[in-house]
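Here's the structure we're looking at; comments come further down.
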Amino acid sequence: MMQIFRTVQEMQAFAAKMKKEGKIIGLCPTMGSLHEGHMTLMRAARAKCDIVIASVFVNPTQFGPNEDYDAYPRRFGEDCKKLEAEGIDAVFHPEPEEMYPQGYCTYVNVDGDITHKLCGAQRPIHFRGVATVVTKLMNITRADEAFFGQKDAQQVVVVHRFVSDLNLPVHINMVPICREPSGLARSSRNIYLSPAEKEAALILSKSLKKAKAAYENGETDVESLKKIVSDSIRTEPLAAIDYVDLFSFPALEPITKISDPGLLAIAVKINKIRLIDNVILGAK
Ligand code: AMP
């Protein structure tokens, strides 16, 4: 029977009990409105850990003032059914006031280049919010293993950084991007897309596929690969590029040629809906 905890105290008591029994605890942080992409995380955790805890929390501190915090979809009832079907042991679903009570003033600020580029350039407080909430979730759940999607590859890099910098005893697992049969990367924000917009959104995965094919045919020049993607996206009238960029992975350092793995990452607005996608080229 899946347990649902809404307070930090209850969640901590459960985690302490599991720890005492010597269980390996896996954590899958989510903002809910769960889809197949989230489920791939759950399955990876289920396969590796004795106890799997999913968190469902739309974290206010990672949204900028003009972003979609209020409008972000919330479907906790349906989420629980999906998590129960995956055999998840416990769900942590706190209210914002439970995570950030009055007087709260401590943040985890990953203050390096890795948070200032890609999504960090447009969303200046985003990764501070992510790092803060993930640190809290790791502490509350006493996670040994934590699971994140490659869909948010920069997030994985940032999490690795603060886990290492703060000596947190958690191992990070990155799960591949789960896509719809059409190629569209699954995302909670896809439900905002009209049928025409959903069709237009295919340009993200299509453009990345083109670049991947070029890379596999020997193109390693970063500017050329970026141009293949940008030119392809520009053929779609509903699409507006936020960024198309390519950095080394996982260091996220600027490169001119791909020799070691490179992260080709894009953010594109389809009308008002901002979508992200990426591919890792040269992954071993
Ligand atoms: P979110 O609820 O959007 O914050 O996502 C929670 C976790 O699920 C993050 O680690 C995401 O990277 C991961 N995730 C979301 N969509 C996908 C996807 N299509 N494939 C793999 N992982 C995903």
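Residue numbers for the sequence shown follow the numbering used here, beginning at 10 and rising by one.
Glycine residues also receive a C-beta, built at the ideal position from the N, C-alpha and C atoms.
Quantities reported herein were computed from a predicted structural model and do not represent experimental measurements.
For glutamine 163, the enclosing alpha helix (DSSP H) starts and ends at 162-174. The beta carbon of alanine 24 lies closer than 6 Å to those of Thr150, Arg151 in the same chain, with the five residues before and after it left out. Residue pairing for glutamate 154: DSSP places it in a beta bridge opposite Gly35, His180. The stretch 12-20 makes no contact with the stretch 32-44; the number of CB pairs closer than 8 Å stays below 3. Counting every other CB atom within 10 Å of its CB across the protein chains shown gives alanine 140 a total of 16 or more, marking it as buried.
Valine 238 sits in a helix when the DSSP states are folded into three classes. With at least 16 other beta carbons inside 10 angstroms of its own, lysine 145 counts as buried. Bridge partners of leucine 272 according to DSSP: Phe256, Ile289. For serine 64, the enclosing beta strand (DSSP E) starts and ends at 60-65. Here glutamine 111 is exposed. Its C-beta has fewer than 16 other C-beta atoms within 10 Å.
For alanine 99, the uninterrupted beta strand (DSSP E) run begins and ends at 99-101, by DSSP.
Out of Val167, Glu154, Met48, the CA that lies nearest to the CA of isoleucine 186 is found in Met48.
As a beta-bridge residue in DSSP terms, alanine 194 pairs with Arg188. Here lysine 160 is buried: its Cβ has 16 or more other Cβ atoms, across all protein chains shown, within 10 Å.
With respect to alanine 94, isoleucine 62 sits apart: the two C-beta atoms are not nearer than 8 Å. Rounded to whole angstroms, the Cβ separation of leucine 290 and lysine 221 is 6 Å, and the two are in contact under 8 Å. A distance below 7 Å between beta-carbons, with the five flanking residues on each side excluded, links serine 214 to the following residues of its chain, in chain order: Arg188, Gly192, Leu193, Ala194, Asp286. Here glycine 158 is buried, its C-beta having at least 16 other C-beta atoms within 10 Å. A contact is defined here as three or more CB-CB pairs under 8 Å, and the stretch 165-183 fails this definition with respect to the stretch 79-91. Spanning the alpha carbons of glycine 227 and proline 270 requires a straight line of approximately 14 Å. Rounded to the nearest whole angstrom, the CA to CA distance from glutamine 71 to serine 257 is 25 Å.
In chain order, Phe157, Met183 place their CB closer than 6 Å to the CB of valine 165, counting only its own chain and leaving out the 5 sequence neighbours on each side. Pairing methionine 108 with valine 67 gives a Cβ-Cβ distance that is not under 8 Å.
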